[in-house]
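Trainee:
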Amino acid sequence: MKIAILYDVWEEEGTSPESPPEPKPPARKKKVRAKKKREKEDREEIFEALEKLGHEPFYQVLDGTPQCLNALAKCEADLIFNLTESFAGDDTKEMHVAAYLDLLGMRYTGAGPHATFLAQDKAIAKKMFGFHGIRTPFFATAYRGSIEHAHDISFPLIVKPLSEDGSIGINPNAVVDSVKELMERVQYIQDEFDSPAMIEEYIEGREIYAAILGSYEYAQALPLVELDFSKLPKGTPKIASYDVKFEKDAESYKLTKSNVAEDLDEETRERLTQTALAAHRAVKLRDYGRIDMRLSSKGEVYVLEANPNPWLSSKQEFAMAAKASGRSYTQLIGEIVELAMARYRPRG
């Protein structure tokens, strides 16, 4: 098959002196750089895997211009391998890329627009989890001038942007222990990201990731992976912060590592797996997705968030879980392609 690897780029530089660039939060600039590096790594490995599978891959770029949309509409691909995370650097438009592909009648991998929206808005996702009986940390949403309470919550709390991904806006200061710290952090999130703030119970415990292949009708969880915080200094919040994920020179990055969670007993492993599968279905993920969870010291399982179209680098958690299941990286990519294509085959 001819498979287009679709990815987004957004150049912050290059504006003319006559047209000064619009100011952007520093954290968002970091995010763009990290995403561009991530996507390059993803797309090159996926390209090689597709070639090994006998397909004819090629790159299709979304650079935020009308011209790129016209080019995509004329793209003669049998399948789009969708790696986009934004349009013109705006994450909130990620869902519109999938919707555009739907309108064009193109076949593509991964989440549709509804799932992307549900997963991106953390408050809505958590309400969906609650409706389906899935435990998630109690939370409130702070808009400018008002707070929407979903539950009574108590300290310690973690405060993050409502709709950002990639741990943007999350650093050790995101965990707060007093009203003063809470108000300062909410103000920071609202000012820095022009976003409502998600105020959430901070659950002390183990960070567990479940990689899932499949859709609502049938899905399977791969071996669980843990982000190990055990080497972080005492008193450091054990969270998947931006530094932990992306800042290779940061001490927290060097002291944390993802590993297959092999020390879980069978009963705990099954509860984590079934919870992840339920969350995957609740927000209508498909083909592949990752569910982030916390396992508390009391053995309670909390879903933190659902990630549609997660990072597919061979060195990251999803591929790590696939390898632990006995799949090679090439087999993983081939399975995602097969799952996507199966949706478009006539039923009967």
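Each residue of the sequence shown is one higher than the one before, counting from 64 in the numbering used here. We put the beta carbon where it would ideally sit given N, CA and C, even for glycine.
Quick check on the burial criterion: 16 or more other C-beta atoms within 10 angstroms. Buried or exposed for V400?
Mentor: For this step, residue 400 is matched to residue 337 along the sequence shown. Burial call: buried.
Trainee: Buried or exposed: where does G152 fall if 16 or more other Cβ atoms within 10 Å of its Cβ makes it buried?
Mentor: In the sequence shown, residue 152 corresponds to position 89, counting from 1. Flag for G152 reads buried.
Trainee: Going residue by residue through the segment 351-384, where are the continuous beta strand (DSSP E) segments of at least 3 residues, counting only ones entirely within it?
Mentor: Counting whole runs of 3 or more residues, the segment 351-384 contains the beta strand (DSSP E) stretches 351-359 and 364-371.
Trainee: Mapping DSSP to helix, strand and coil, what is A90?
Mentor: If you number the sequence shown from 1, residue 90 lands on position 27. With a pLDDT of only 40 at A90, under 50, the local geometry of the prediction cannot be trusted, and no value is derived from it.
Trainee: I need the straight-line Cα distance from A274 to F192, nearest angstrom please.
Mentor: Translated into positions along the sequence shown, residue 274 becomes position 211. Translated into positions along the sequence shown, residue 192 becomes position 129. Roughly 18 Å separates the two Cα atoms.
Trainee: Report the partner residues of P224 according to the DSSP bridge assignment.
Mentor: Stepping through the sequence shown from its first residue, residue 224 is reached at position 161. The partner list for P224 (beta bridge, DSSP) reads A260.
Trainee: DSSP beta-bridge partners for I143?
Mentor: As a first step, residue 143 must be located in the sequence shown, where it is residue number 80. In DSSP, I143 forms a bridge with A67 and Y171.
Trainee: So, with DSSP's three-state summary, where would you put T204?
Mentor: Residue numbering aside, residue 204 sits at position 141 when the sequence shown is read from its first letter. The three-state secondary structure of T204, taken from DSSP, is strand.
Trainee: For K294, does the three-state DSSP call read helix, strand or coil?
Mentor: On the sequence shown, position 231 is the one that residue 294 refers to. It is coil, neither helix nor strand.
Trainee: Jot down the residue ranges of each uninterrupted alpha helix (DSSP H) in the segment 293-338, minimum 4 residues, whole runs only, in chain order.
Mentor: 305-309 and 314-318
Trainee: Who does P219 pair with in a DSSP beta bridge?
Mentor: As a first step, residue 219 must be located in the sequence shown, where it is residue number 156. BP columns for P219 are empty, so no partner.
Trainee: Give me the residue from R353, L287 and P300 with the minimum Cα distance to E333.
Mentor: Working through the sequence shown from its first residue, we reach residue 333 at position 270. Among R353, L287 and P300, the Cα nearest to that of E333 belongs to L287.
Trainee: What residues in its chain sit with their C-beta under 8 Å from that of L225, if we drop five residues either side in the sequence?
Mentor: On the sequence shown, residue 225 is found 162 positions in, with the first residue counted as 1. So the qualifying residues of the chain are D184, K185, A186, T204, S258, P259, A260 and M261.
Trainee: When the Cβ atoms of the segment 155-167 are set against those of the segment 134-146, are three or more pairs found closer than 8 Å?
Mentor: yes
Trainee: Looking at R357 and G268, is the spacing between their C-beta atoms short of 8 Å?
Mentor: As a working mapping, residue 268 is identified with position 205 in the sequence shown. As a working mapping, residue 357 is identified with position 294 in the sequence shown. Result yes, Cβ atoms of G268 and R357 sit closer than 8 Å.
Trainee: Buried or exposed for S278, going by 16 or more other Cβ atoms inside 10 Å?
Mentor: The residue labelled residue 278 in the question sits at position 215 within the sequence shown. Buried, by the Cβ-count rule.
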